Structures are given as C-alpha cells and as structure tokens.
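> Handing you this structure, nothing more for now.
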Amino acid sequence: MRTIIYNGKGGVGKTSVAAATAIRSAEMGYRTIIMSVDTAHSLGDSLGKDISAEVTKIDENLDALELNIIHEMRTKWSTIKDYISALMVSQGLEDISAEEMAILPGMEMAAALFYVLQFRDSGAYDVVIIDTAPTGETLRLMSFPDVSNWYIDKMFGVMKRLLVIARATVGKVLEFPLPSKEVMDSIEGIKNDMERVKEVLEDPEQTTIRLVLNPERMPINETMRSYTYLCLYNKTVECLIVNKVLPPDADGDFLKSRLEEQAGYMQMIHDAFDPLKIMEAYQFPTEMRGRKKLEALADMIFGDSDPTATYARSSPMRFTSEKGVDRLHIKMPFVDPSEIELFKTHDSSIIIATGAQKRKIALPLTLADADLLGAEFDDDGLTIKFRRKKHD
Ligand SMILES: Nc1ncnc2c1ncn2[C@@H]1O[C@H](COP(=O)(O)OP(=O)(O)O)[C@@H](O)[C@H]1O
Ligand SMILES: [Mg+2]
280 MRTIIYNGKG GVGKTSVAAA TAIRSAEMGY RTIIMSVDTA HSLGDSLGKD
330 ISAEVTKIDE NLDALELNII HEMRTKWSTI KDYISALMVS QGLEDISAEE
380 MAILPGMEMA AALFYVLQFR DSGAYDVVII DTAPTGETLR LMSFPDVSNW
430 YIDKMFGVMK RLLVIARATV GKVLEFPLPS KEVMDSIEGI KNDMERVKEV
480 LEDPEQTTIR LVLNPERMPI NETMRSYTYL CLYNKTVECL IVNKVLPPDA
530 DGDFLKSRLE EQAGYMQMIH DAFDPLKIME AYQFPTEMRG RKKLEALADM
580 IFGDSDPTAT YARSSPMRFT SEKGVDRLHI KMPFVDPSEI ELFKTHDSSI
630 IIATGAQKRK IALPLTLADA DLLGAEFDDD GLTIKFRRKK HD
C-alpha cells in the first residue's frame with residue numbers, strides 16, 4: 280500500500296491536487312482512499328460530494344474521509360479518555376471532555392496515521408492520499424510519532440509507578456484511580472502503533488510527501504523551510520508541484536509583468552530544489568471544483584503517467600561506517616550552517632537544533648557510547664562523525 284501526503288501553505292491548491300490525484304488513481308484501477316486532515320475541510324466541496332467522518336464511497340475504486348478528531352475520540356479512544364477524566368476528577372480538577380482532549384497537539388495527524396495502519400492491515404486499499412492542513416501545523420504533526428512516544432513513555436512510566444506504589448500500599452487508601460488493565464493495554468497498543476506508524480512514514484517505499492506551492496515568494500520560502508524540516512524528520516519528499524502557474528500565452532500588460540515576475544520565481548524554485556522532480560499546473564480561469572476540472576488538473580500535472588508513481592526513494596538520512604569512524608549523513612538543504620547546534624544527550628541520542636526546531640535522533644546501539652568527533656556541513660547537508668569506544 281502506498282501513502283502519498285500532500286502538504287503546503289494554505290490556498291496553494293493542496294486539496295485540489297490531492298483530489299485530482301485520487302480521481303486519476305481510482306481511474307487507473309487502484310483502490311484509492313483520500314483522507315482530509317485539515318480541520319477546515321474542503322475536500323467534499325472540491326469533489327462536489329458529501330463526505331463524512333466515516334469512510335464514504337465516492338466512486339468506483341474511490342473512497343473519501345474527512346477526519347473529525349472529536350468523532351475519533353468518542354468512538355475509538357474512549358478507554359483512555361475515560362481514565363484521564365477519572366484521574367483529573369480524582370485530583371480535584373475538572374473533567375476533561377472529548378472536545379478538550381481533541382485539541383492536544385498532533386491528535387488529528389495521529390488519528391490519520393492510525394487509519395493508515397488500519398488500511399494497511401486490512402489490505403482494503405492500494406493507495407492512500409492524505410490532504411493535510413497548512414504547513415506549520417502539519418510539520419509539527421509530522422513529528423508526532425517521535426513526540427508521542429515521549430508523551431506516552433512518560434505517561435506509561437507514571438502509570439507503572441502507580442501500580443508499584445499500589446502493590447506496596449495494599450490496604451491503604453489511594454488518592455487516585457489506578458489504571459485498569461484495559462487502560463494499560465490501550466496505552467501499550469497506542470505505543471506499539473506509533474512505532475509502526477514511524478516505520479511506515481519513514482519508509483519511502485510506503486510513504487512519500489509531495490509539496491504544493493505557487494510561484495510566489497512567500498510559498499517558495501515556506502516550502503524551502505518545510506523541506507528542510509521534513510528531511511530532519513526523516514521523511515521522503517519526492518516532488519514539488521508548482522500550481523497556479525500563469526500560462527505563457529496570458530495576454531495583456533498586467534499579465535505580462537506578472538509573467539516576468541513569475542519567470543524569476545520559477546528560476547528561484549529550480550535554483551533551490553533541483554534535482555527534486557518539479558511538476559507544474561497552470562492557473563485555470565475558474566475555481567477547481569467538480570470532477571471535470573479536477574480531471575483537467577490531473578491531466579496537466581501527470582499527463583498519461585501514473586499519478587501514484589514514486590519519484591524519489593532516497594531517505595534523507597543515512598549512516599555509514601569506514602575505518603573506525605561512523606558517519607551520520609543528513610540531507611539538509613537551505614540551512615544556515617551557523618544556525619545548527621548539535622548536542623549529545625546522556626541517553627545516547629543526539630539533538631540537532633536549527634532555528635526553532637529540534638530533532639532528537641536515537642543513535643543505533645553501536646554508537647550509543649561513541650565519541651562525537653564533530654560535524655561537517657557541505658552542499659549536501661550535515662555529516663556527523665563518531666568514533667566507537669574500544670572494548671577489550
Ligand atoms: N490550478 C488552479 N487554477 C485555478 N484555481 C485553482 C487552481 N488550484 C486551486 N485553485 C483554487 O484555489 C483555491 C484554493 O485551492 P485548494 O485546493 O483548496 O488549496 P489548499 O487546499 O492548499 O488550501 C480554491 O478555490 C481552488 O478552487
Ligand atoms: Mg485544503
């Protein structure tokens with residue numbers, strides 16, 4: 280099963296391009312589902328169909344779903360939700376509602392990724408297309424498997440300690456409800472699923488990301504930044520789709536100067552992203568709503584080719600080892616080397632900080648106690664060198 284994630288700034292055309300891809304994919308005979316993870320759902324509008332928070336059949340080979348996290352909480356996460364509610368009430372805090380829990384960061388994308396696992400296990404689909412929320416938010420959500428493991432480890436640790444205390448204080452009155460076996464199983468289940476999600480997300484054979492942008496300064500800058508962070512999070516960006524490109528035969532003085540400006544931006548895009556595959560779609564004179572227009576958009580982007588083809592497979596992060604020196608290579612274009620900070624933590628991880636973002640990379644066991652020899656930065660990215668400790 281192949282998962283394609285569309286991401287980009289608001290209004291650039293993610294939903295339209297994702298819907299066009301889904302329609303074409305279904306036409307080619309792939310069992311396809313398109314999932315919208317943006318709370319401001321516009322997928323139904325784009326497809327001209329009513330879509331619900333449950334899997335909805337749209338067409339032959341084509342299903343759709345507009346994810347609603349409150350619905351997910353109520354229907355699938357109730358064991359944990361009930362426990363957290365009880366825990367909060369026992370501590371004299373107000374009960375927490377599904378609505379409140381739904382605003383925890385990353386929940387929406389996490390729920391979408393659980394669907395991906397579910398679809399993979401059931402074998403119901405060949406292609407899953409995810410239409411995401413605008414850049415900043417989704418980037419944060421993309422790191423969810425890492426972040427959530429941290430949350431869950433903490434939560435799990437606390438609960439395990441509660442159980443130990445409970446055993447040691449049999450007969451005494453506890454001031455908080457103990458997590459039941461069901462709750463513990465539920466948390467363990469989520470933890471295992473998140474680990475599987477991480478595997479699926481970081482395997483380019485299974486999951487790739489396509490960035491949508493327009494030939495304008497702000498979307499270009501934002502896309503460059505997203506690309507860097509996605510590399511940092513070990514995700515494979517396989518192509519760019521430049522949408523709303525003015526056709527070269529656009530007429531009139533007004534459009535002429537826009538066309539000149541656009542040529543500059545197209546150059547900027549190539550300078551910044553080559554050798555990444557770059558596809559283009561012209562600006563249509565009208566909105567892209569309904570099947571016919573989405574078909575035309577698919578034609579323009581993919582022509583006769585398979586819209587689900589994988590354009591890039593290389594993972595932006597890899598490890599190599601030579602003459603006793605281990606190297607971790609991370610493709611990190613567009614980063615100011617003076618902004619990068621590296622730390623090795625006591626729990627055998629390294630932290631790479633660039634600007635406001637931080638990424639913790641757990642080192643392989645062989646490098647757990649290795650010395651950090653330093654880092655080099657070139658056009659390709661960051662190379663971090665380690666030397667393993669000699670063990671007699
Ligand atoms: N190639 C295009 N030509 C003309 N209008 C477009 C094109 N692509 C998208 N649109 C329109 O631009 C608006 C935003 O598109 P949408 O796909 O909803 O973007 P996003 O999901 O990134 O916010 C919509 O009104 C859509 O119909
Ligand atoms: Mg959208």
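If you read the sequence shown in the numbering used here, its first letter stands for residue 280, the second for the next number, and so on. The beta-carbon is built from N, C-alpha and C at its ideal position, and this holds for glycine as well. In this text, all values refer to a predicted model and were calculated from it rather than measured experimentally.
G653: which of D605, L642, K610 and K668 sits nearest, CA to CA?
Within the sequence shown, the letter at position 374 stands for residue 653. Looking at the Cα atoms, D605 is the closest of the given residues.
> Taking the alpha carbon of A472 as the reference point, which residue from Y506, V521, L392 and P527 has its own alpha carbon closest?
Taking the first residue of the sequence shown as 1, we reach residue 472 at position 193. Checking the sequence, you will find Asp at residue 472 rather than Ala. For the residues Y506, V521, L392 and P527, the minimum Cα distance to D472 belongs to L392.
> Which residues in the same chain have their Cβ closer than 7 Å to the Cβ of E351, if we skip the five residues on either side of it in sequence?
As a position in the sequence shown, residue 351 is number 72, starting the count at 1. The residues are A390.
> What does K610 pair with, by DSSP beta-bridge criteria?
Within the sequence shown, residue 610 is the residue found at index 331, counting from 1. Note: K610 sits in a beta bridge opposite G660.
> Kindly identify the DSSP beta-bridge partner or partners of F665.
Residue mapping note: residue 665 aligns to position 386 of the sequence shown, counting from 1. Paired residue(s): D605 and L651.
> With DSSP run on the structure shown, which of helix, strand or coil describes D674?
Here the chain comprises residues numbered 280 to 671, so residue 674 is not present and cannot be evaluated.
> So the alpha helix (DSSP H) I348 belongs to, where does it begin and stop?
For the purposes of this step, residue 348 is identified with residue 69 of the sequence shown, where counting begins at 1. Its alpha helix (DSSP H) spans residues I348 to K355.
> Note the first and the last residue of the continuous alpha helix (DSSP H) segment covering T677.
This structure gives no information on residue 677, because the portion of the chain shown stretches from 280 to 671.
> Does DSSP classify Y561 as helix, strand or coil?
As a working note, residue 561 is residue 282 in the sequence shown. Three-state result, Y561: strand.
> Cutting at 8 Å between CB atoms, please list the residues of its own chain near G308, excluding the five before and the five after it.
On the sequence shown, residue 308 is found 29 positions in, with the first residue counted as 1. Cβ neighbours of G308 beyond the five flanking positions: N340.
> Going by DSSP, what residue range makes up the alpha helix (DSSP H) through R399?
Along the sequence shown, one-based indexing puts residue 399 at 120. Taken as a continuous stretch (DSSP letters only), the alpha helix (DSSP H) holding R399 covers M386 to S401.
> Would you check if the stretch 301 to 320 and the stretch 405 to 414 touch, i.e. whether three or more CB-CB distances between them fall below 8 Å?
The answer is yes - the stretch 301 to 320 touches the stretch 405 to 414, with three or more Cβ pairs under 8 Å.
> Quick check on N471: does DSSP put it in helix, strand or coil?
Counted from its first residue, the sequence shown places residue 471 at position 192. If DSSP states are grouped into helix, strand and coil, N471 belongs with the helices.
> If you follow the alpha helix (DSSP H) that R537 is in, where does it begin and where does it stop?
As a first step, residue 537 is located in the sequence shown; it is residue number 258 there, counting from the start. D532 to F552 is the extent of the alpha helix (DSSP H) around R537.
> Please report the distance separating the alpha-carbon of V479 from that of L573.
Start at 1 with the first residue of the sequence shown, and residue 479 comes out as number 200. Start at 1 with the first residue of the sequence shown, and residue 573 comes out as number 294. If I take the Cα positions, the gap works out to 29 Å.
> For a test of the three-state rule: what should DSSP assign to M280, helix, strand or coil?
Residue mapping note: residue 280 aligns to position 1 of the sequence shown, counting from 1. Here M280 sits in coil by DSSP.
> Quick one: does the C-beta of K288 sit closer than 6 Å to a heavy atom of ligand 2?
For the purposes of this step, residue 288 is taken as residue 9 along the sequence shown, with counting starting at 1. For ligand 2, not one heavy atom lies less than 6 Å from the Cβ of K288.
> Using 8 Å as the threshold, is the stretch 605 to 624 in touch with the stretch 328 to 340, meaning 3 or more CB pairs across them?
Judged by Cβ distances under 8 Å, the stretch 605 to 624 makes no contact with the stretch 328 to 340, as fewer than three pairs qualify.
> Could you give the residue range of the alpha helix (DSSP H) that holds S325?
Counted from its first residue, the sequence shown places residue 325 at position 46. S325 -> alpha helix (DSSP H) spans L322 to L326.
> Rounded to whole angstroms, what is the Cα-Cα separation between M579 and I548?
Taking the sequence shown and counting its residues from 1, one reaches residue 579 at position 300. Taking the sequence shown and counting its residues from 1, one reaches residue 548 at position 269. Roughly 19 Å between the two C-alpha positions.
> Decide if the stretch 581 to 594 is in contact with the stretch 564 to 571; the criterion is three or more beta carbon pairs, one per stretch, under 8 Å apart.
No, the stretch 581 to 594 is not in contact with the stretch 564 to 571.
> Which residue comes first and which comes last in the alpha helix (DSSP H) that contains K523?
The sequence position of residue 523 within the sequence shown is 244, counting from 1. Looking at the DSSP string, K523 is not in any alpha helix (DSSP H); the run it does join, the beta strand (DSSP E), is V516 to V524.
> Relative to ligand 1, is the shortest distance from any of its heavy atoms to the C-beta of Q562 smaller than 6 Å?
As a position in the sequence shown, residue 562 is number 283, starting the count at 1. Yes, since a heavy atom of ligand 1 falls inside the 6 Å radius drawn around the Cβ of Q562.
> Given 6 Å as the limit, tell me if G292 has its C-beta closer than that to any heavy atom belonging to ligand 1.
Translated into positions along the sequence shown, residue 292 becomes position 13. Correct: G292 has its Cβ closer than 6 Å to ligand 1.
> Taking 7 Å as the cut-off, decide whether the C-beta atoms of M558 and I520 are in contact.
The sequence position of residue 558 within the sequence shown is 279, counting from 1. The sequence position of residue 520 within the sequence shown is 241, counting from 1. Going by C-beta atoms, M558 is nearer than 7 Å to I520.
> With distances taken between CB atoms, is the gap from T502 to L490 smaller than 7 Å?
Within the sequence shown, the letter at position 223 stands for residue 502. Within the sequence shown, the letter at position 211 stands for residue 490. Yes.
> Is DSSP giving K288 helix, strand or coil here?
By one-based count along the sequence shown, residue 288 stands at place 9. The answer is coil: DSSP assigns K288 none of H, G, I, E or B.
> Since D342 is in the alpha helix (DSSP H), which residue starts that stretch and which ends it?
In the sequence shown, residue 342 corresponds to position 63, counting from 1. No alpha helix (DSSP H) contains D342, which is instead part of the beta strand (DSSP E) from L341 to E345.
> So, for G323: in the same chain, excluding its five sequence neighbours on each side, which residues have a beta-carbon less than 7 Å away from its beta-carbon?
Locating residue 323 in the sequence shown gives position 44, where the first residue counts as 1. D329, I330 and E345, listed in sequence order.
> Once the 5 residues before and after Y404 are set aside, which same chain residues still bring their CB inside 7 Å of it?
Counting from one through the sequence shown, the residue named residue 404 turns up at place 125. Contacts found: M280, R310, T311, I312 and F398.
> Determine whether the beta carbon atoms of V291 and E387 lie at a separation below 7 Å.
Position 12 of the sequence shown, counting from 1, holds the residue named residue 291. Position 108 of the sequence shown, counting from 1, holds the residue named residue 387. Their beta carbons are not under 7 Å apart, which means V291 does not touch E387 by this criterion.
> Any heavy atom of ligand 2 closer than 6 Å to the beta-carbon of D324?
By 1-based counting over the sequence shown, the position of residue 324 is 45. Every heavy atom of ligand 2 is 6 Å or more from the Cβ of D324, so no.
> Residue range of the alpha helix (DSSP H) that E574 falls in?
Position 295 of the sequence shown, counted from the start, is the residue given in the question as residue 574. Taken as a continuous stretch (DSSP letters only), the alpha helix (DSSP H) holding E574 covers R570 to F581.
> Would the beta-carbon of S321 be found less than 6 Å away from any heavy atom of ligand 2?
As a first step, residue 321 must be located in the sequence shown, where it is residue number 42. Yes, Cβ of S321 sits closer than 6 Å to a heavy atom of ligand 2.
> Could you spell out where the beta strand (DSSP E) holding M314 opens and where it closes?
Position 35 of the sequence shown, counting from 1, holds the residue named residue 314. Residues T311 to S315.
> Tell whether a beta-carbon distance below 7 Å holds between L576 and A588.
Working through the sequence shown from its first residue, we reach residue 576 at position 297. Working through the sequence shown from its first residue, we reach residue 588 at position 309. No, these two residues do not count as a Cβ contact at 7 Å.
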